Amino acid sequence: MLNIRKMELNDKALVVAMDEEFYSGPAVDHKIPASELENTFDLAMMPDYPLDGFILTDENGPVGFGYASWYHSTDVAGLCVMLEELFLKQEARGKGYGTQYIQYAFDYYKNARRFRLEVTKENEKAAKLYRALGFEYISYDQMAKDVK
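The opening residue of the sequence shown carries number 39 in my numbering; numbering runs sequentially from there.
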């Protein structure tokens with residue numbers, strides 16, 4: 039049975055280790071320095087920062103994590119929740135935990151008007167899951183400018 043809870047300060051080493059694995063797999067297109075993974079965790083611990091972290095556990099202990107951020111979107115006339123990361127350890131995949139986590143997010147952010155996420159073309163299994171949960175590709179092409 040899957041349990042989902044908010045991250046706590048003592049989860050940092052666990053989350054950073056799983057996040058390193060996340061950023062070395064097919065779900066992303068580039069690696070992130072460990073210092074930034076630690077910084078992201080620290081920001082999720084701040085009560086007024088728009089980033090929540092969640093730990094996923096089953097009877098065997100921690101099996102994954104997820105981050106979600108939120109913002110107002112005029113385009114959808116309300117709250118938009120970005121499911122930033124969802125990582126499941128290899129042994130926890132295929133058990134429905136990804137579906138349960140996303141359903142949890144739908145309930146947790148019950149006032150949201152839109153949920154967004156990113157998926158690489160190589161991560162076909164994740165895209166199939168997201169489509170089954172009602173996500174669709176939107177017509178916007180995204181542009182970014184990184185500021186260092």
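The C-beta atom is built at its ideal place from N, Cα and C for all residues, glycine as well.
Treat the numbers as computed from the prediction; the structure is a model and nothing was measured.
(1) Can you confirm whether F103, when its beta carbon is compared against all beta carbons of chain B, has any partner nearer than 9 angstroms?
(2) In this structure, does DSSP put V101 in helix, strand or coil?
(3) How long is the line joining the alpha carbons of M181 and G172, rounded to whole angstroms?
(4) Are the beta-carbon atoms belonging to G91 and M120 less than 9 angstroms from one another?
(5) Specify the secondary structure class of K183 as computed by DSSP and reduced to three states.
(6) State the beta-bridge partners of G116 as determined by DSSP.
(7) In three-state terms, what does DSSP make of T137?
(8) Taking the runs of the alpha helix (DSSP H) that are 4 residues or longer, which of them lie wholly in the region 119-177?
(9) In whole angstroms, what is the alpha-carbon distance linking P64 and D113?
(10) Given that a residue counts as buried once 16 or more other Cβ atoms are within 10 Å of its Cβ, and exposed if not, what is V53?
(11) Mapping DSSP to helix, strand and coil, what is D57?
(12) Give the secondary structure of L40 by DSSP, where H, G and I count as helix, E and B as strand, and everything else as coil.
(13) State whether the region 150-162 contacts the region 84-99, with contact taken as three or more CB pairs (one from each stretch) at a distance under 8 angstroms.
Reading it off the structure:
(1) The structure shown contains no chain B; it holds only a single protein chain.
(2) Here V101 sits in strand by DSSP.
(3) Using only the alpha carbons, I get a separation of about 24 angstroms.
(4) No.
(5) It is coil, neither helix nor strand.
(6) In DSSP, G116 forms a bridge with S111.
(7) Reduced to three states, the DSSP call for T137 is helix.
(8) Qualifying alpha helix (DSSP H) stretches, in chain order: 135-146 and 162-170.
(9) Rounded to whole angstroms, P64 to D113 spans 30 angstroms at the Cα level.
(10) V53 comes out buried.
(11) In this structure, DSSP gives D57 a helical state, which the three-state scheme calls helix.
(12) Of the three classes helix, strand and coil, the one that applies to L40 here is coil, per DSSP.
(13) Counting Cβ pairs under 8 angstroms, fewer than three are found: no touch.
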